[in-house]
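Below is one structure, written out as structure tokens; comments come after it.
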Amino acid sequence: MPAAPSPPPSAVVADVAWVNGLAAIRSLGRQGVRALAVDHRPSALGFRSRYATPVIAPDPVADEDGFVAALARLGETLAGPVPAFATHDEHVNVLARRHADIGPAFRPCTPEWDVLAAIQSKRHQLDVAAAAGVPVPGTRHPRSGAEARAAAEELGYPVLVKPSDPVGFKRLYNRQAFRCQSGAEVETAYAQAEAFAPMVQEYLPGGDDELYTLGSYLTAGGEALGVFTGRKLRQTRRHMGVCRVAEAVWVPEVAEHGLALLRALRFHGISQVEFKRDPRTGEYKLIEVNPRLWQWHGLAAACGVDLTHIAYLDLVGRPPAPARMTNEGRRWAITFMSGTRHAVQRLPYTDALLARDDPRPGLVQLARVARGGVRAARGRAAAGTAIARLTRQVERHG
Ligand SMILES: Nc1ncnc2c1ncn2[C@@H]1O[C@H](COP(=O)(O)OP(=O)(O)OP(=O)(O)O)[C@@H](O)[C@H]1O
Ligand SMILES: [Mg+2]
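Numbering-wise (the numbering used here), the sequence shown opens with residue 1020 and increments by one.
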């Protein structure tokens, strides 16, 4: 009897709490690859996917050694090579920096740690971009609050005080930067961001729909096996947030500049390069490079550029032919989110959560949004009762 064909190697997706992890799980699962979904939260949405094999492991931010040990134990049970993807900088960094401890079975989807570590500095990204002829926003690197104020006055308000070393900043301040309108605001922001090498950067005008992305996968030899471009239409928070609605649009300049920058940075793997089109000049100026899966890579997959699967194939030694982007104009949205207006788009579009072949994560999200709505309504009712009581007291006692 012929031997049964051995199953394809599994892949790890680290941090699957939200839509980017879920999209990676689905990309793998739909191609018959077992997705080992790693997270420290039993509530992680990715765990609800029919394509996920949930693996609870410590949070690498709180317990890096515990995370590394959990992956090393997992690796002992697997036949390698096991491509490893991550959706957040903290996980990307640990996978690369601790590769030797995590084990040889794993194939992180990034360059070696020394190359990646440099890329995680926004200052380095901007310097390399400028040297490669890629336009960048006016940026200064002050060494004190007073220097930051002087830089802001030179650049003109509004400015962003933004960490050059962002890891940990968002967890601390629940935002990516401080948008400042005055010298006093700049000095306060500088003091708060001091541990993260704060930069002062001109805030490029124009709406959030001017934020363009190159999403790509580059092999270790520098070949682009998947190239996607698109833009945001709406963010979760205006001026500075994460993507809520996006659209596929092919912009050759974004692709060319982004790929030139990635090569100049010696990057390989999956990444997002974000630009903002400066409406004053029409130039696409670098916002940042994210050396990992980003929030809305599910749109690239819906446009024929399934970066997770392309990377998977390359990392297990079966590189596919370069993919071509299709479906221009296709949209992606997180349609329902707690406490915000819906984002229903014209059909057909890709919802980040609702999927016919994998309904549970979408249903869980809908239930969470509904519960949030009930809680908010109860909160409003309680506030209304308190106000009515206060009004009665004021009326009674003058
Ligand atoms: N110079 C700028 N001008 C206008 N908007 C900007 C500028 N820099 C950043 N932003 C806005 O702030 C958002 C976050 O900035 P940035 O991407 O640099 O931070 P981050 O912490 O790396 O974010 P992420 O979590 O997406 O990786 C951008 O998506 C954009 O909306
Ligand atoms: Mg970033």
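C-beta atoms are modelled at their ideal positions from N, C-alpha and C, and glycine is treated no differently.
- When only Cα atoms are considered, Ser1201 and Val1111 end up about 36 Å apart.
- Check the Cα spacing between Ser1235 and each of Ser1163, Val1246, Ile1121, Gly1225: the tightest is with Val1246.
- When C-alpha distances from Thr1369 are compared across His1059, Tyr1231, Val1052, Ala1321, the shortest belongs to Ala1321.
- With distances taken between CA atoms, Ala1330 lies nearest to Ala1243 out of Val1292, Glu1275, Ser1140, Ala1243.
- Around the Cβ of Asp1227, a 10 Å sphere holds 16 or more other Cβ atoms; the residue is buried.
- Inter-segment contact for the region 1338–1350 and the region 1259–1270 is present: three or more beta-carbon pairs are separated by less than 8 Å.
- Counting only residues of its own chain and dropping the five nearest sequence neighbours on each side, Gly1260 has a CB closer than 6 Å to the CB of Gln1254.
- In the DSSP assignment, Asp1333 is bridged to no other residue.
- In the three-state DSSP reduction, Trp1132 falls in the helix class (H, G or I).
- Secondary structure note for Gln1211: its alpha helix (DSSP H) is the uninterrupted segment 1202–1212.
- Each of Ala1371, Ala1283, Val1273 was checked against the Cα of Gly1240, and the nearest Cα belongs to Ala1283.
- Within the region 1267–1320, the runs of alpha helix (DSSP H) that reach at least 4 residues and sit entirely inside it are, in chain order, 1271–1283.
- With a threshold of 7 Å, the Cβ atom of Glu1307 counts as near ligand 2, since some heavy atom of the ligand is closer than that.
- A distance below 8 Å separates the beta carbons of Val1074 and Ala1056.
- Taking a 10 Å sphere around the C-beta of Ala1340, we find fewer than 16 other C-beta atoms and assign the residue as exposed.
- About 6 Å separates the beta carbon of Pro1310 from that of Thr1129, a gap short enough to meet the 8 Å contact definition.
- With a cutoff of 7 Å, Pro1177 does not count as near ligand 2, since its C-beta is closer than that to no heavy atom of the ligand.
- Cβ contact annotation for Pro1154 (same chain, cutoff 6 Å, sequence separation greater than five): Glu1302, Lys1304, in chain order.
- Nearest Cα to Arg1250 within the set Gln1220, Arg1194, Pro1217, Trp1313: Trp1313.
- Leaving aside the five residues that flank Arg1060 on each side, the residues in its chain whose CB is nearer than 7 Å to its CB run, in chain order, Ala1036.
- In the structure shown, Gln1364 adopts coil according to DSSP, grouped into three states.
- Counting along the chain, Phe1215 sits inside no alpha helix (DSSP H), nor does DSSP assign it H or E at all.
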